[in-house]
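All the letters of the sequence shown, read from the start, carry residue numbers 1 to 465 under my numbering. Idealized CB from N, CA, C, for every residue including glycine. None of the values given here were measured: they were computed from a predicted structure.
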Amino acid sequence: MASIEPRYNRAGQLMHYRLIVSGGLNWEGKQIKRTTTWKPPRPNMSKKQMEREAMAAAFKFEEAIQAGYDIDKVKRFCDYADYVLDLKERNGLAPTTIERYRAMLPRINDAIGHLKLTQIRPQHLNDFYKTLSENGVRNLGAIAVAKKVLKKKVEALGQPKHVIARESGIAHTTLNAVLNGKAVKLETAQGIADALGYSVSEMFTVSDRKKPLSNKTILEHHRLISMILAQADKEMLVPYNPAAKASPPKVPKHEADYFQPEEIADIVKALEKAPVKWKAMSYILIDTGCRRGELMGLQWNCVDLDKGIMMIRQALLYTKEKGTYVGPPKTGQPRAICLSPETIGVLKEYRTEQLRTKIRHADIWQDTGFLFTKDDGTPMHPDSITDWLKKFSEENDLPHIHPHAFRHTAASMMIANGVDLVNAAAELGHATASTTLNIYAHQVARARAEASGIRAGAFAVLRQA
């Protein structure tokens with residue numbers, strides 16, 4: 001049964017009412033009491049009016065408790081957010097995702113972390129998203145521009161500029177650019193100032209570079225907030241999820257970045273001069289469209305070169321906290337992929353090269369079983385293939401290459417060649433065919449349009465008449 005208790009201050013003035021309802025029995029069979037406070041919404045209310053409205057509020061509070069709600073008017077968003085991330089981590093959310101969420105959380109807590117869960121409204125979130133879209137949010141680091149006095153000091157030394165540049169730890173051309181007014185990183189300015197024996201503030205004007213966040217990044221912040229508040233809604237700590245009523249920015253869908261057949265031909269031609277290890281990695285990416293982590297997590301017992309079958313059972317991942325570690329594929333399900341004769345040939349060549357490496361470094365070699373390893377046999381960092389492909393594309397005057405572009409290319413070629421979405425999803429390791437359709441909607445639409453172009457339509461019949 002609901003009840004109310006008036007609460008007075010030291011002067012005897014009524015401050016608020018304490019609302020008390022039964023929350024059932026605990027495990028010991030004792031009565032659980034749920035309490036909250038109610039303040040008069042209007043001044044100059046009579047005592048009877050306040051008692052009547054307080055009692056009505058108590059009945060509503062009792063209904064909420066009986067429905068299972070335990071509205072939390074104390075817990076702050078920042079404290080609850082930590083609890084939710086810990087909960088998600090225990091329930092198996094990928095460490096890379098947890099790390100990304102924890103990196104975003106400080107910016108979110110700066111805006112709404114101090115608010116209690118029940119205080120958060122859609123307007124708070126909309127204001128936060130607006131702030132993220134304005135200048136001064138993303139700090140790109142300080143830049144420095146030389147003052148006129150710097151040029152005078154350099155000339156007064158009477159030393160060649162290349163000597164000053166060497167002492168500053170920079171290139172001769174960089175020093176010339178600085179003297180001509182080009183902005184540089186604070187570290188570069190510090191090196192020049194130190195070489196001349198002055199402070200940075202005496203020789204340079206220093207300022208911060210700040211830019212707004214992209215709509216895509218803002219939407220990622222919104223999704224994290226929504227996940228946290230959805231958990232509060234699920235645990236019945238809030239009456240509703242305010243993030244579901246907020247208005248985050250929309251991110252237009254872009255067509256997946258993929259290579260044309262002639263570009264793939266240029267890449268394959270350039271790979272003929274590449275070390276066989278990197279060539280083998282690239283061939284697998286081009287041939288199978290597997291993810292970067294899946295490529296780096298391959299072990300020899302997952303590759304049957306005689307049958308031309310490669311099994312994707314795991315992925316090699318990295319976080320700052322855990323370092324490099326082995327985890328499951330993105331969907332958690334293994335899959336088999338057929339390898340082309342070209343890829344099989346390169347892998348056989350690479351296996352022979354790896355055996356030579358093992359013999360050369362026998363004193364430090366660790367037999368981990370991974371396909372792609374360092375000189376001591378341990379797995380490579382997942383970023384290594386990304387970094388190598390970037391350098392490879394620059395050195396060979398090729399379009400910018402990143403591993404996922406090969407994945408998009410493989411998917412596009414499958415769809416263009418009439419592979420149905422179910423089989424394409426299985427080959428790519430997507431959880432469902434709808435995921436494939438969502439990512440490659442442009443390619444699917446183009447393939448359907450081309451297919452419709454060969455159907456026997458009404459005009460085709462007329463042409464034959």
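Bridge pairing for Ile364: absent [DSSP]. Its chain contains Arg76, Phe77 and Cys78 as the residues whose beta carbon lies nearer than 8 Å to that of His114, once the 5 sequence neighbours on both sides are disregarded; these appear in chain order. The alpha-carbon separation between Ser226 and Ala246 amounts to approximately 9 Å. In this structure Leu229 is buried. Its beta-carbon is surrounded by 16 or more other beta-carbon atoms within 10 angstroms. Membership of Leu224 in the alpha helix (DSSP H) is indicated by the continuous run Asn215 to Lys234. Annotation for Pro122: Pro242, Lys245 and Ala246 place their beta carbon closer than 6 Å to its own, counting only its chain and skipping 5 residues before and after. Between the region 162-179 and the region 189-198, the count of C-beta pairs closer than 8 Å reaches three or more; the two stretches touch. Remark: C-beta atoms of Lys279 and Val346 approach each other more closely than 7 Å.
Each of Lys147, Leu132 and Leu179 was checked against the Cα of Pro212, and the nearest Cα belongs to Leu132. According to the DSSP secondary-structure assignment, Arg76 is paired through a beta bridge with Lys116.
Excluding five sequence positions before and after Tyr198, none of the CB atoms of its chain fall closer than 6 Å to its own CB. By the C-beta criterion, the region 102-114 is judged not to be in contact with the region 140-155, since fewer than 3 inter-stretch pairs fall below 8 Å. Nearest C-alpha to Gly308 among Pro40, Ile337 and Met281: Ile337. If you look at Ile401, you'll find it isn't in any alpha helix (DSSP H); DSSP assigns it neither H nor E. Here the alpha carbons of Ile218 and Ile108 stand approximately 11 Å from one another. DSSP places His16 in the strand class (E or B) of the three-state scheme.
Leu317: member of the beta strand (DSSP E) spanning Ala315 to Thr319, first to last residue. Under the 8 Å Cβ criterion, the region 43-61 does not count as touching the region 84-94, having fewer than three qualifying pairs.
If you ignore the 5 residues before and after Val145, its C-beta comes within less than 7 Å of the C-beta of Gly181, Ala183, Phe204 and Thr205, all in its own chain and listed in chain order. Three or more Cβ pairs closer than 8 Å define a contact, and the region 377-396 falls short of that threshold against the region 412-429. Around the beta-carbon of Pro106, fewer than 16 other beta-carbon atoms lie within 10 Å, marking it exposed. The DSSP-derived three-state label of Gln31 is strand.
For Gly418, there is no enclosing alpha helix (DSSP H), as DSSP gives it neither H nor E. In this structure, the beta-carbon distance from Pro403 to Leu285 falls below 7 Å. In this structure, Gly293 places its C-beta atom within 7 Å of the C-beta atom of Ala315.
For the pair Lys358 and Pro261, the Cα-to-Cα distance works out to about 37 Å. Taking C-beta atoms as the reference points, Asp383 and Ile364 fail to come closer than 7 Å. Close CB contacts of Gly369 within its chain, under the 8 Å cut and outside five residues either way in sequence, are with Gln299, Trp300 and Asn301 (chain order).
Rounded to the nearest whole angstrom, the CA to CA distance from Ile20 to Asp110 is 34 Å. In this structure, Glu349 sits near Val276, with a CB-CB distance shorter than 7 Å.
For the set Gly169, Ala171, Lys130 and Tyr17, the Cα lying nearest the Cα of Asn215 is the one of Lys130. Ile4 sits in a strand when the DSSP states are folded into three classes. Selection Val303, Leu355 and Pro379 evaluated against Tyr325 yields Pro379 as nearest (Cα-Cα). Going by beta carbons, Val238 and Leu85 fall outside the 7 Å limit. Taking a contact as a CB-CB distance under 8 Å, the pair Met296 and Ile170 does not count as one, their CB atoms being some 35 Å apart.
Taking Pro40 as the centre and dropping the five residues before and after it, the same chain places the C-beta of Met50 closer than 7 Å to its C-beta, in chain order.
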